[in-house]
Structures are given as C-alpha cells and as structure tokens.
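What follows is a single structure, written as structure tokens, with notes after it.
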Amino acid sequence: DRRDRYHDNNSSDKVGRQLFVDNLPFSTTWQDLKDRFKLFGSVESANILKGRDGRSAGKGTVLFFHSSDMRKAIREADRSEFQGRTMYLKE
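According to this note's numbering, the sequence shown is numbered sequentially starting from 9.
As structure tokens, this is what we get:
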C-alpha cells in the first residue's frame, strides 16, 4: 500500500536524528523545545505530543539535521532541568 511505503521511507529518514523528550511541563511549546535544543546543533523540527483530549502529553520530539547533534544533546542534556522539570531524553 502506498501509504505504508511513504511512512516507512519517512521514518527511516529520521533514524538516528530524532530525539524523544519526556517529562516536559504541559505549558512547553514546540518553539520552546526547538530553542532549547538549538544549543546542540541545527534542528529541523520540534513537536509536542498531544493526548486524546488535545492537550500536551508532557512529551515531545526533536528532529536534528545531523545525528551527531542528536547524540550530543543526549550526552549533555539528559536528566537536565528545563522549565522547572527534569527532562529524560532517548533516541
């Protein structure tokens, strides 16, 4: 099916460049997240994950242009404080 091929190609393109961020304040915006992670390299996009009710789930993703920048962010920012909460990062 065409949608599956697109999804697979799109997903594999992000492997090694996409960071998952947990324990965000519910007030964090995608721009806050992008601005925070620009400290580690060029950010292609940042998103806040939403719950079924449309509100923030306290989680997000950051897509870097380079995998080395994503790894640097994990090394330097995992378990660091952001907007008063401890962030947990993983690939």
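C-beta atoms are modelled at their ideal positions from N, C-alpha and C, and glycine is treated no differently.
These numbers come from a predicted model, not from an experiment.
Item checked: Secondary structure of residue 72, DSSP reduced to three states -> strand
Item checked: Straight-line gap, residue 32 to residue 73 (C-alpha atoms, nearest Å) -> In a straight line, the C-alpha of residue 32 is about 22 Å away from that of residue 73.
Next item on the list: Give the secondary structure of residue 48 by DSSP, where H, G and I count as helix, E and B as strand, and everything else as coil.
Entry: DSSP places residue 48 in helix when its eight states are reduced to three.
Next item on the list: To the nearest angstrom, report how far apart residue 89 and residue 95 are at their CA atoms.
Entry: Rounded to whole angstroms, residue 89 and residue 95 show a C-alpha spacing of 6 Å.
Next item on the list: Might you give, ordered along the chain, the residues of its own chain that have their beta carbon closer than 6 Å to the beta carbon of residue 50, omitting 5 neighbours on each side?
Entry: 73
Next item on the list: With residue 86 as the anchor, note down where its beta strand (DSSP E) starts and where it stops.
Entry: Taken as a continuous stretch (DSSP letters only), residue 86 belongs to no beta strand (DSSP E), as it is neither H nor E.
Margin query: Short of 6 Å in beta carbon distance, which residues of its chain neighbour residue 64, apart from the five on each side in sequence? Order them along the chain.
Written below: 34 and 56
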